[in-house]
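The structure appears below as structure tokens.
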Amino acid sequence: MPSLIDFRRRIRSVKNTQQITKAMKMVSAAKLRRAQEAVIAARPFANSLRQMLANVANATKGSDTAAENPLLVVRPEERVLVIIINADRGLAGAFSTNINRGAQKFLTDDKAGKTVEVEAVGKKARDYFRRRGFTIAGEMMNVTKAPKYADAATLGRKVVERYSNGEVDSVYLVYNEFKSVMAARLDIVQLLPVPLPQEQASVDYIFEQPAEELLATLLPRYVEVAIYRAILESTAAEHAARMTAMDSASSNASDVIERLTLYMNRVRQASITREIIEVVSGASALD
499 MPSLIDFRRR IRSVKNTQQI TKAMKMVSAA KLRRAQEAVI AARPFANSLR QMLANVANAT
559 KGSDTAAENP LLVVRPEERV LVIIINADRG LAGAFSTNIN RGAQKFLTDD KAGKTVEVEA
619 VGKKARDYFR RRGFTIAGEM MNVTKAPKYA DAATLGRKVV ERYSNGEVDS VYLVYNEFKS
679 VMAARLDIVQ LLPVPLPQEQ ASVDYIFEQP AEELLATLLP RYVEVAIYRA ILESTAAEHA
739 ARMTAMDSAS SNASDVIERL TLYMNRVRQA SITREIIEVV SGASALD
């Protein structure tokens, strides 16, 4: 049986770990607040851009020029590019695992038999799919640490160029959408060819330039904004998952400390009882 010193060392070790998990929870809570504000601020802009795209698309219906836009051309899907947005660090519960498994299921089930490439945003996505033999077309690390539109624009221009040149036939985006502190939803959306929104036009625009030209300008911006919003959503979901995981770890540490303290007290009581018995036995022997 472990000695009292062993129990005290173990309790001290668990308490030190608990201090770390509590600090990490506080850090994640602060980062989550900022990330959540960024998500809430980005959603109206993304929705407005989608609505504008729907109105412009409705204005170009029947136009051959609009139909020939390279980002709208639908080709037989043989080569698929998937952008997977994941974390760069662990200690976030099942956050990274859920994204990777969901993306792998999508690729192996829905895109079976097709040539698949992965554009990894985050170390966890890159390492997971590289180990499983997927082709890594590109990687972006530490993007979710401080999300910037410039990073999303760089990636957006890259995939737009590859699709326009016919290097890939479709592009998909896989990420965790932030729903609440306790919940996130795996989202898989088609990025290219751009699925034009089906909403009816709610604004009657007066165009100073041909609607086809405006559509050609909006489509690449739409791709960039979609990627940027996905990065923001994933960042907020990651901080929420890490905060929840660290809170759970701190609670589990308290339970471990309580059990170890109970065991230690039992060992100490047994030791005291044994010593008393030895003293009484010795006194009786002297009598």
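With the first letter of the sequence shown counted as 1, position 103 gets the number 601 in this note's numbering; the numbers rise by one all the way through. Backbone N, C-alpha and C fix where the C-beta goes; we use that ideal spot for every residue, glycine too.
In the DSSP assignment, find the alpha helix (DSSP H) that holds Gln688 and state where it starts and stops. From DSSP, Gln688 is part of no alpha helix (DSSP H) but of the beta strand (DSSP E) over Ala681 to Leu690.
I think Val578 touches Thr613, with their Cβ atoms under 8 angstroms apart; what is that distance to the nearest whole Å? 7 angstroms
Helix, strand or coil at Met741 [DSSP, three-state]: helix
Buried or exposed for Asn598, please, with buried defined as at least 16 other CB atoms from any protein chain shown within 10 angstroms of its CB. buried
DSSP three-state assignment for Ile503, whether helix, strand or coil: helix
Inter-stretch contact (C-beta, 8 angstroms, three-pair minimum) for the region 752-765 and the region 507-514: yes
Under 6 angstroms Cβ to Cβ from Asp649, same chain only, skipping five residues before and after it: list those, please. For Asp649, same chain residues with a beta-carbon under 6 angstroms away, outside a window of 5 residues either side, are Val641 in chain order.
Contact between the region 528-543 and the region 625-633 is defined here as three or more beta-carbon pairs at a separation below 8 angstroms; is this criterion met? no
Could you check where the beta strand (DSSP E) with Gly636 kicks off and where it finishes? Thr633 to Met638
Which residue marks the beginning of the alpha helix (DSSP H) containing Glu659, and which one marks its end? Annotation for Glu659: the continuous alpha helix (DSSP H) segment containing it runs Tyr647 to Ser662.
Considering only the beta carbon of each residue, do Val692 and Leu712 sit closer than 9 angstroms? no
Taking only beta-carbon positions, decide if Arg507 is within less than 9 angstroms of chain D. Looking at the structure shown, chain D is missing, and only one protein chain is on hand.
Looking at Ala555 and the ligand FMN, is the gap between the Cβ and the nearest heavy atom below 8 angstroms? No copy of the ligand FMN occurs in the structure displayed, which carries no ligand at all.
Considering only residues of the same chain and omitting the five flanking positions on each side of Ala555, which have a CB-CB separation below 6 angstroms? Leu694
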